[in-house]
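Input: a single structure, listed below in structure tokens.
In the working numbering, the protein residues as written are 3 to 354.
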């Protein structure tokens, strides 16, 4: 019998709105994930104590643990702690690093994971990928996607505007990643997954097609949905390919060379704009540039605190961060002098 359909893994539920953490016990019970509230909750250092105090009242059966570092070693230590008791699920509450650790820990202990996002700066909310450090280097590791995704808009709104808007950069970088995927199909016969591409493109175009911004509740809800859709694109593809190309290679190189330079979404947006320039794709460059401008996101190296020389060094290193991936950077195979020339031209374009 021919295969007429395929199964696509998705979260059982997506809930975007205010008061998510306050009513977490009800949400877990109604979804059938944990009726008794016996869950392991992983929280970040910044908001951890505040969240823990809320959960002591609303989710008294939970054990709250702090995520100290986004590293493989720390995740393994947490998994050992979780094995000392019996839990219904792992609940990660916080930003990207906390959710990535929670996803990895849940995969290690074979428990369902619930992602409760308190910011919208990245597309890892529902992705099958965890970005973690190992032996001092950041890498991407395959994990199970969350069984449920909750976005607490009360906490999202409390974050600095720049952090809230950063997710826009990560979503629009899908366009660059998809262009790189097509390039790999043309020159290396890599198979492009049309369903994954459709999800990733729809997410990017949903963001670019709106005139409102992060001050709008409707925009925040759409951005959250777009970030989740990007995660599903990766789940369908079985890799980060539809949402990560030369743009993310540059991002990872900056993280390696200049840790703490900027957040994930900001770097993804800058990387995507630079890659559109390298492809000489004037239409895509204009679309991404207009979107980043509208949301007051970084575009030039100086906007993320890098000199021209530092940005050149990052682009030179970028292909080594994903040696198996073919993007515009591998295609052009530029010397450092050629990179410097391209970056100077790019800086001139975005400074105008």
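Where a beta carbon is used, it is the ideal one built from N, C-alpha and C, also for glycine.
| Check | Outcome |
| --- | --- |
| Output the boundary residues of the alpha helix (DSSP H) element that contains residue 10. | Neither: residue 10 is in no alpha helix (DSSP H) and is coded neither H nor E. |
| Can you find the residues in the same chain that come closer than 8 Å, C-beta to C-beta, to residue 166, ignoring five residues on each side of it along the sequence? | 121, 122, 123, 158, 159, 216 and 222 |
| Less than 7 Å between the beta carbons of residue 41 and residue 102, yes or no? | no |
| Measuring CB atoms only, is the stretch 181-197 touching the stretch 142-150, in the sense that at least three cross pairs come out at less than 8 Å? | no |
| Would you please state the rounded distance, in angstroms, between the beta carbons of residue 233 and residue 125? I believe it to be under 8 Å. | 6 Å |
| How would you label residue 29, buried or exposed, when you count the other beta carbons within 10 angstroms and need 16 or more for buried? | buried |
| Got a sec? Which residues, its chain only, sit under 7 Å from residue 348 by beta carbon, not counting five neighbours each side? | 276 and 279 |
| Could you tell me the distance, in whole angstroms, from the CA atom of residue 71 to the CA atom of residue 97? | 12 Å |
| Leaving out five residues on either side along the sequence, give the residues of the same chain with a beta carbon under 7 Å from the beta carbon of residue 342. | 314 |
| By how many angstroms is the C-alpha of residue 251 removed from the C-alpha of residue 237? | 20 Å |
| Examine the Cβ distances between the stretch 245-264 and the stretch 317-324 and report whether three or more of them are shorter than 8 Å. | yes |
| Assuming residue 116 contacts residue 35 under a Cβ cut-off of 8 Å, what Cβ separation, rounded to an integer in Å, is found between them? | 6 Å |
| Any idea if residue 328 is buried or exposed, counting beta-carbon neighbours within 10 angstroms, 16 or more meaning buried? | buried |
| Among residues of its own chain, excluding the 5 on either side of residue 293, which ones have a beta-carbon nearer than 6 Å to its beta-carbon? | 174 and 210 |
| Determine the extent of the beta strand (DSSP E) in which residue 139 is found, giving its start and end residues. | 139-144 |
| Under the assumption that residue 85 contacts residue 111 (Cβ atoms under 8 Å), give the Cβ distance between them as a whole number of angstroms. | 6 Å |
| Do residue 202 and residue 245 have their C-beta atoms within less than 7 Å of each other? | yes |
| Can you find the residues in the same chain that come closer than 6 Å, C-beta to C-beta, to residue 132, ignoring five residues on each side of it along the sequence? | 102, 105, 106, 143 and 145 |
| Which of the three DSSP states is assigned to residue 362 in this structure? | Residue 362 cannot be examined here, being either before or after the span of the chain that is shown, 3 to 354. |
| Rounded to whole angstroms, how far is the Cβ of residue 176 from the Cβ of residue 208, which I believe are closer than 8 Å? | Not a contact, Cβ separation roughly 10 Å. |
| Excluding five sequence neighbours on each side, which residues of the same chain lie with their C-beta closer than 6 Å to the C-beta of residue 74? | 134 and 136 |
| Go through its chain and collect everything with a Cβ distance to residue 109's Cβ below 6 Å, but skip five positions before and after it. | 145 and 146 |
| Identify whether residue 335 lies in helix, strand or coil by the three-state DSSP scheme. | coil |
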